[in-house]
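**Q** Residue numbers (the working numbering), protein chains in the order written: chain A, 83 to 194; chain B, 7 to 119. A virtual CB, placed ideally from N, CA and C, is assigned to each residue, including glycine.
#1: Quick one: does residue 183 of chain A have its CB under 9 angstroms from some CB of chain B?
#2: Tell me where the beta strand (DSSP E) around residue 36 of chain B begins and ends.
#3: Using a Cβ-Cβ cutoff of 9 angstroms, what residues of the segment 115 to 132 of chain A are near chain B? List them in chain order.
#4: Give the residues of chain B in contact with residue 168 of chain A, contact being defined as C-beta atoms less than 8 angstroms apart.
#5: For residue 128 of chain A, is the classification buried or exposed, using 16 other Cβ atoms within 10 angstroms of its Cβ as the cut-off for buried?
#6: Residue 80 of chain B lies in the beta strand (DSSP E); which residues open and close that run?
#7: Using a cut-off of 8 angstroms between C-beta atoms, extract the partners of residue 186 of chain A located in chain B.
#8: With three or more beta-carbon pairs closer than 8 angstroms as the criterion, would you say the segment 11 to 30 of chain B touches the segment 76 to 91 of chain B?
#9: Within 10 angstroms of its Cβ, does residue 33 of chain B collect 16 or more other Cβ (buried), or is it exposed?
#10: For residue 60 of chain B, count the other beta carbons within 10 Å of its own beta carbon; 16 or more makes it buried, fewer makes it exposed. Which is it?
#11: Reducing DSSP to helix, strand and coil, say where residue 156 of chain A ends up.
#12: Can you pull out the residues from the segment 62 to 87 of chain B whose beta carbon lies closer than 8 angstroms to at least one beta carbon of chain A?
#13: Quick one: is residue 96 of chain B near chain A, going by C-beta distance under 9 angstroms?
#14: Any contact of the segment 156 to 175 of chain A with the segment 104 to 118 of chain A, i.e. 3+ C-beta pairs under 8 angstroms?
#15: Going along chain A in order, which residues have a C-beta closer than 9 angstroms to the C-beta of residue 51 of chain B?
#16: Nearest by alpha-carbon distance to residue 98 of chain A: which of A:147, A:135, A:157 and A:88 is it?
#17: Does the segment 61 to 68 of chain B come within contact of the segment 11 to 19 of chain B, defined as at least 3 CB pairs closer than 8 angstroms?
#18: Which same chain residues, not among the five before or five after residue 57 of chain B, have their C-beta less than 7 angstroms away from its C-beta?
#19: Sort A:94, A:185, A:194 and A:190 by Cα distance to residue 153 of chain A and report the nearest one.
#20: For residue 112 of chain B, which residues in chain A fall below 9 angstroms Cβ to Cβ?
#21: Between residue 10 of chain B and chain D, is any beta-carbon pair separated by less than 9 angstroms?
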């Protein structure tokens, strides 16, 4: 079962690039890696998903090395509104069973 | 935009009561999920449904059951609420084969006293 580990918290300044790494040593062949953002009193919001190598969309990039045992969410030029909790999710269907393992989240604080 | 609506934002129930948490989605998604979120533990999957009347247990199904009689509605049932079920409950939906790209509701904060 793929357990995920993330740093508990990070601080950054406006305009900087932020990289948050998630470790998932036991990731299964069929598992995808997904990142979510959550603001207080709201449900998580999908940011980006990947299987291997690099994925980029309008808000973030996701880097996944060849062994897939970790992944890094990269947020370019963060602003105060990026202050939130970021969750890594590893999951998929293995042996007919769906398994979705969220990390415990990284609390990102962006400072002015 | 996908909308996932949970019937209550806050709920207070007594120990032993039967509790229903309702969730409705408006995007015709096949998959629906119930998670609970606790400090320090992140989100944990309770149940997952991939079609009407179909369900699969998640990581922590004990003490819970679910019902999916219509595609748009997924209910979480606490047969006999206990204080250790005090938590934030989150419902989500997704397209088939996109289970990890889910849309979440706002959550229901349940307190069992």
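**A** Reading it off the structure:
#1: yes
#2: Note, residue 36 of chain B: premise wrong, no beta strand (DSSP E); not H, not E.
#3: 115, 116, 118, 120, 123, 124, 125, 126, 127, 128 and 131
#4: Result: empty, since nearest Cβ-Cβ is about 11 angstroms, beyond 8 angstroms.
#5: buried
#6: 79 to 84
#7: 46, 47 and 48
#8: yes
#9: exposed
#10: exposed
#11: strand
#12: 62, 64 and 65
#13: yes
#14: yes
#15: 173, 180, 181, 182, 183 and 184
#16: A:157
#17: no
#18: 36
#19: A:185
#20: 123, 124 and 125
#21: Judged by its chain identifiers, the structure shown contains no chain D, and its protein chains are A and B.
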